[in-house]
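2 protein chains.
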Amino acid sequence: MEKTFDALLARMQELRDLGGLIGLATWDQETYLPPKAAESRAFQLSTLQGIHHERLVDPRLGELLDWAAGNKGLTDDQRAMARVLTEERNRAVKVPKALVQALAEAQSRGLVAWREARKQNRFAVFKPALERLLILRREQADAYGHDGERYDGLLEGYEPGMRVKRLTPVLGALRDNLIPLVAALQAAPRKVGDFFEGRRFDTETQWRFTLRLLGDMGFDLEAGRQDKSIHPFSSGQHPTDVRLTTDLEEGSLTALFSTLHEGGHGLYEQGFSAAHHRTPLANAPSMGLHESQSRMWENLVGRGRPFWTHYFPALREAFPQALAGVELDTFHSAINRVTPSFIRVEADEVTYNLHIVLRYELELLLIRDALPLDELPAAWNERMRRFLGVTPPDDTQGVLQDIHWAWGEFGYFPTYALGNLYAASLYRAAQRAVPQLEEGFARGELKPLRDWLRTHVHSEGHRQPAEELVRKVTGQGLTDVDFLAYLKSKFGALYGLSL
Amino acid sequence: MEKTFDALLARMQELRDLGGLIGLATWDQETYLPPKAAESRAFQLSTLQGIHHERLVDPRLGELLDWAAGNKGLTDDQRAMARVLTEERNRAVKVPKALVQALAEAQSRGLVAWREARKQNRFAVFKPALERLLILRREQADAYGHDGERYDGLLEGYEPGMRVKRLTPVLGALRDNLIPLVAALQAAPRKVGDFFEGRRFDTETQWRFTLRLLGDMGFDLEAGRQDKSIHPFSSGQHPTDVRLTTDLEEGSLTALFSTLHEGGHGLYEQGFSAAHHRTPLANAPSMGLHESQSRMWENLVGRGRPFWTHYFPALREAFPQALAGVELDTFHSAINRVTPSFIRVEADEVTYNLHIVLRYELELLLIRDALPLDELPAAWNERMRRFLGVTPPDDTQGVLQDIHWAWGEFGYFPTYALGNLYAASLYRAAQRAVPQLEEGFARGELKPLRDWLRTHVHSEGHRQPAEELVRKVTGQGLTDVDFLAYLKSKFGALYGLSL
Numbered sequence: 001m002e003k004t005f006d007a008l009l010a011r012m013q014e015l016r017d018l019g020g021l022i023g024l025a026t027w028d029q030e031t032y033l034p035p036k037a038a039e040s041r042a043f044q045l046s047t048l049q050g051i052h053h054e055r056l057v058d059p060r061l062g063e064l065l066d067w068a069a070g071n072k073g074l075t076d077d078q079r080a081m082a083r084v085l086t087e088e089r090n091r092a093v094k095v096p097k098a099l100v101q102a103l104a105e106a107q108s109r110g111l112v113a114w115r116e117a118r119k120q121n122r123f124a125v126f127k128p129a130l131e132r133l134l135i136l137r138r139e140q141a142d143a144y145g146h147d148g149e150r151y152d153g154l155l156e157g158y159e160p161g162m163r164v165k166r167l168t169p170v171l172g173a174l175r176d177n178l179i180p181l182v183a184a185l186q187a188a189p190r191k192v193g194d195f196f197e198g199r200r201f202d203t204e205t206q207w208r209f210t211l212r213l214l215g216d217m218g219f220d221l222e223a224g225r226q227d228k229s230i231h232p233f234s235s236g237q238h239p240t241d242v243r244l245t246t247d248l249e250e251g252s253l254t255a256l257f258s259t260l261h262e263g264g265h266g267l268y269e270q271g272f273s274a275a276h277h278r279t280p281l282a283n284a285p286s287m288g289l290h291e292s293q294s295r296m297w298e299n300l301v302g303r304g305r306p307f308w309t310h311y312f313p314a315l316r317e318a319f320p321q322a323l324a325g326v327e328l329d330t331f332h333s334a335i336n337r338v339t340p341s342f343i344r345v346e347a348d349e350v351t352y353n354l355h356i357v358l359r360y361e362l363e364l365l366l367i368r369d370a371l372p373l374d375e376l377p378a379a380w381n382e383r384m385r386r387f388l389g390v391t392p393p394d395d396t397q398g399v400l401q402d403i404h405w406a407w408g409e410f411g412y413f414p415t416y417a418l419g420n421l422y423a424a425s426l427y428r429a430a431q432r433a434v435p436q437l438e439e440g441f442a443r444g445e446l447k448p449l450r451d452w453l454r455t456h457v458h459s460e461g462h463r464q465p466a467e468e469l470v471r472k473v474t475g476q477g478l479t480d481v482d483f484l485a486y487l488k489s490k491f492g493a494l495y496g497l498s499l
Numbered sequence: 500m501e502k503t504f505d506a507l508l509a510r511m512q513e514l515r516d517l518g519g520l521i522g523l524a525t526w527d528q529e530t531y532l533p534p535k536a537a538e539s540r541a542f543q544l545s546t547l548q549g550i551h552h553e554r555l556v557d558p559r560l561g562e563l564l565d566w567a568a569g570n571k572g573l574t575d576d577q578r579a580m581a582r583v584l585t586e587e588r589n590r591a592v593k594v595p596k597a598l599v600q601a602l603a604e605a606q607s608r609g610l611v612a613w614r615e616a617r618k619q620n621r622f623a624v625f626k627p628a629l630e631r632l633l634i635l636r637r638e639q640a641d642a643y644g645h646d647g648e649r650y651d652g653l654l655e656g657y658e659p660g661m662r663v664k665r666l667t668p669v670l671g672a673l674r675d676n677l678i679p680l681v682a683a684l685q686a687a688p689r690k691v692g693d694f695f696e697g698r699r700f701d702t703e704t705q706w707r708f709t710l711r712l713l714g715d716m717g718f719d720l721e722a723g724r725q726d727k728s729i730h731p732f733s734s735g736q737h738p739t740d741v742r743l744t745t746d747l748e749e750g751s752l753t754a755l756f757s758t759l760h761e762g763g764h765g766l767y768e769q770g771f772s773a774a775h776h777r778t779p780l781a782n783a784p785s786m787g788l789h790e791s792q793s794r795m796w797e798n799l800v801g802r803g804r805p806f807w808t809h810y811f812p813a814l815r816e817a818f819p820q821a822l823a824g825v826e827l828d829t830f831h832s833a834i835n836r837v838t839p840s841f842i843r844v845e846a847d848e849v850t851y852n853l854h855i856v857l858r859y860e861l862e863l864l865l866i867r868d869a870l871p872l873d874e875l876p877a878a879w880n881e882r883m884r885r886f887l888g889v890t891p892p893d894d895t896q897g898v899l900q901d902i903h904w905a906w907g908e909f910g911y912f913p914t915y916a917l918g919n920l921y922a923a924s925l926y927r928a929a930q931r932a933v934p935q936l937e938e939g940f941a942r943g944e945l946k947p948l949r950d951w952l953r954t955h956v957h958s959e960g961h962r963q964p965a966e967e968l969v970r971k972v973t974g975q976g977l978t979d980v981d982f983l984a985y986l987k988s989k990f991g992a993l994y995g996l997s998l
């Protein structure tokens, strides 16, 4: 076999093309697939994923990667490409085929059992399937390898380089800071009511507004598109083909925030360097860093006063009846209302991370086999009381609310919190670097932020681990300092408190 | 390697899944792909086609097929599956990789040169690329093998089992019958003017009408969908996922006929037997037979008086202004106006096949290397005069009008004529078999025809060659008798002639 970088590159490109096609088939499944085609699409996706796996674990790819690892003549980028693919390949090689198949089956059963458990509103119905998934995931973590902390083996798949040892103190401190903050905001004399109750927003008008926002953010609608789906998501087949979805509801404006969120992911995907296209570098280094981009646009930009200084007049014009007589201040408070609630996906910026810490603590115990499954619902509810002061009335509004565990995803939740922390630190760096950033927002100029992110974050791709990149850009690694300062400043002002 | 039918079936299923994904990526390319993603999609498609080819020519698949060919214990369907795949595989194996690559490159260059030639309106600009394509296609035909008639080697790829020896006399007789028929209709005292000139049909209303037609035909919109594209096409990813497109123009009602045409293809794809899904039998035995279904619904049903007896009142209600005061007879004549014209895709039912015979005669000469390319435009125009009495004013309206040769497709055109002939014969058999078929159309009952086709044609899949299936269903093989009888009866009545 010829050992050249071109030969290796051809294999990288083939893998990326297959990955893009998996993305397309999945996107189509959630948008345009005819209902009766669910089974045939499952077969097609399974075939495609099987071929992707087969190409990835191909011993000849391993030989090429070994050759590249020992080759001093490669450029920095070439070495980074080989390193990232080697890491991905090593993980794929370590898991025996029987375990891959057992997991796929357990995932299907997990979803079915979870749906049934939600219908019956009884965790016990889901328990056996969850037990099986945990056994297999622990086995998988052992196959990946770890230094005694199994969870690290799983976390690595979502947040390469992150470890429990580093994550637990950060999330623990975050929790200990957020609990009193939530309590203080709840006790504040200034109250924010439920603004959206009874208001109606025409969905076609919302749709046009979301497209305007995407354009203003600098999302290239000639290198991507937006469609509708039940759950919003983003999917990058290639940096020239980035697809977002949003979910339109007449009773709220969540579509706007979904679009800003998915648009943040989309800008990341569109922003990879052309030199990295069809290579392992055209990727975020971690899920957490990807999430930092969506959370930044959704919350730090899109729930900010400067943003709405510009957009609120247009919004009121778009919805003259629903927003008749509403002032900017009222609207800005309404979209930043802090309320401890049962459901993570409906949570505000302040309480959200407590939902995440709760899940992190529990799944860490589960993977360590240190929490009997029978006690899981009680452990969930006990933390809900301790963190947020509320008790879920039933399992569906408690331990059964998320699809992640039903699908056997353990290690994914903390990336949401990392996204929030990284978002605040990167945003702070952008504020320092870009003159009059928020003054620009107030004039509808969003692109300077996109341009700064493109230069400092997106175009880097997966050249270095997430935390290393963040340290390079902000001068510090993972920290909750910027995030907490942001929350205190913003919500202190909104609730009339000095925090 | 384990030699069982299940092992063979798994490979068949993988190939069909890959084929379905190629279909999806191509459908997406023509409907929703962002404009800047054209290059990345081309890479993805090329990767996928490469893997499909690699799996098809895999020697282990060859061994399994050899094993199946000698195995008496297989069912009829299993033997048919193995036979169809063996034929496909044998063709793929015979073409050297270098020729495949040379052809792919020549096709790309062909398209570019053809577009430029159309822009400049000069055949000479396209000539060198066409020359190259012809050389490579002749080489490919020789690789496939033939009995002295190279064209047969290419024809086999579109119309398995058909040969020049059989086709030439049928198309020659058709031509000799059609030329005087066209002349007679042109000379008829009753004239039909250009009905659509100046009328406007709201495209959203047209869209709704096309969906109603699809539903009435029995096209399952839960196992398929319709979208918009520049050129209408149909694409079957799987019998549960059949996608049609149509093209809406305000100045005409062509979308209705496009939908009936593509819907005819779509019913075929949805009608394959569930026992054949994901196997080589879930396929039409030839392009001509597939086309018979689209032409039947577009023309024999959709331009017929019974059909419009039911639908014209609804159409007039949908377009009250454009169709104010228009009677059924006027409309029925208008959509059946016979006019010799330069452009094939705009041709009526009577003149259409003369466009096809012209192309067949020319490409047969070209593949035989019996017509110097310099003489091609003149040979085209001479036949246009002889067949239709009109002379194209320039190359763009003559020899440069179709994309097929630009893409190196020689052998495809005759399948359009075969589709028309098979359609008439199958329709006549349906009329004999289904009581009051057209009386039902006049009440909007289209499904009895679909059901008959499903039972006798669609569900057969690729169990036997096209002509064998037609003979089984109609009692006779390929013939122009039913088609000519249909034309004479229909257009005689419309033009007040006894033909």
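Just so you know, the protein sequences line up as chains A and B, in that order.
Under the working numbering, the first residue of the first sequence is numbered 1, with each subsequent residue one higher.
Under the working numbering, the first residue of the second sequence is numbered 500, with each subsequent residue one higher.
Backbone N, C-alpha and C define an ideal beta-carbon position, used for all residues, glycine too.
As the structure is a prediction and not an experimental result, all values here were calculated from the model.
Annotation for V481 of chain A: no beta strand (DSSP E) segment contains it, though the alpha helix (DSSP H) segment containing it runs V481 to Y495.
Of the candidates A:S258, A:Q270 and A:A129, A:S258 places its Cα closest to the Cα of F233 of chain A.
Residues A25 of the same chain have their beta carbon placed closer than 6 Å to that of L45 of chain A, with the five preceding and five following residues left out of the count. Remark: C-beta atoms of L917 of chain B and V956 of chain B do not approach each other more closely than 8 Å. Following the DSSP letters along the chain, one finds D726 of chain B inside the beta strand (DSSP E) bounded by residues G723 to K727. Straight-line measurement puts the Cα of Q49 of chain A at about 41 Å from the Cα of T391 of chain A. Near chain B, meaning a CB-to-CB distance below 9 Å, no residue of the stretch 101-120 of chain A qualifies. Rounded to whole angstroms, E298 of chain A and D142 of chain A show a C-alpha spacing of 37 Å. Here the alpha carbon of D505 of chain B sits roughly 21 Å from the alpha carbon of F771 of chain B.
Annotated three-state conformation of V741 of chain B is strand, per DSSP. Residue range D76 to K94 is occupied by the alpha helix (DSSP H) that includes V84 of chain A.
Secondary structure of S498 of chain A (DSSP, three-state): coil. For M384 of chain A, the enclosing alpha helix (DSSP H) stretches over residues L376 to L388. Taking a contact as a CB-CB distance under 8 Å, the pair R698 of chain B and A821 of chain B counts as one, their CB atoms being some 4 Å apart. Within chain A, the residues whose beta carbon sits less than 9 Å from that of E513 of chain B are T47, G50 and I51, listed in sequence order. At least one CB of chain B lies nearer than 8 Å to the CB of Y32 of chain A. Put simply, the stretch 267-287 of chain A touches the stretch 238-246 of chain A. At least three CB pairs are less than 8 Å apart. The stretch 607-617 of chain B makes no contact with the stretch 560-572 of chain B; the number of CB pairs closer than 8 Å stays below 3. For the stretch 201-235 of chain A, the set of positions with a beta-carbon nearer than 9 Å to some beta-carbon of chain B reads D220, L221, E222, A223, G224, R225 and D227 in chain order. For F830 of chain B, the enclosing alpha helix (DSSP H) has its first and last residue at L827 to A833.
Residue state for G19 of chain A is assigned as helix, using DSSP reduced to three classes. Among the residues of chain A, those whose CB is under 9 Å from the CB of R777 of chain B are S40 and F43, following chain order.
Secondary structure at Q49 of chain A: helix, using DSSP grouped into helix, strand and coil. According to the DSSP assignment, N919 of chain B belongs to the alpha helix (DSSP H) that extends over F912 to A932. Taken in chain order, the complete alpha helix (DSSP H) segments of 4 residues or longer contained in the stretch 138-195 of chain A are 150-155 and 164-187.
Per the Cβ contact rule, the stretch 896-914 of chain B is in contact with the stretch 618-632 of chain B (3 or more Cβ pairs under 8 Å).
Within its own chain, the residues whose Cβ lies closer than 7 Å to the Cβ of Y144 of chain A, once the five positions on either side in sequence are excluded, are R91, K94, G153 and E156, listed in chain order. Taking every protein chain shown into account, the CB of V345 of chain A has fewer than 16 other CB atoms within 10 angstroms, so this residue is exposed. Contact between G518 of chain B and H551 of chain B holds, with the beta-carbon distance rounding to 7 Å and staying under 8 Å. DSSP, read as helix, strand or coil, puts Q896 of chain B in coil.
At a beta-carbon threshold of 7 Å, the residues of chain A lying near H737 of chain B are A37 and S40, ordered along the chain. Going by C-alpha positions, S791 of chain B is about 30 Å away from E696 of chain B. Nearest to R885 of chain B by C-alpha distance, out of B:S840, B:A623 and B:A823, is B:S840.
Proximity of chain A to L766 of chain B at the Cβ level (cut-off 8 Å) is not reached, the minimal Cβ distance being about 15 Å. Taking the Cα positions, Y32 of chain A is about 28 Å away from L103 of chain A.
When the five nearest sequence neighbours on each side are left out, the beta carbons in the same chain lying within less than 6 Å of the beta carbon of D348 of chain A are those of V338, in order along the chain.
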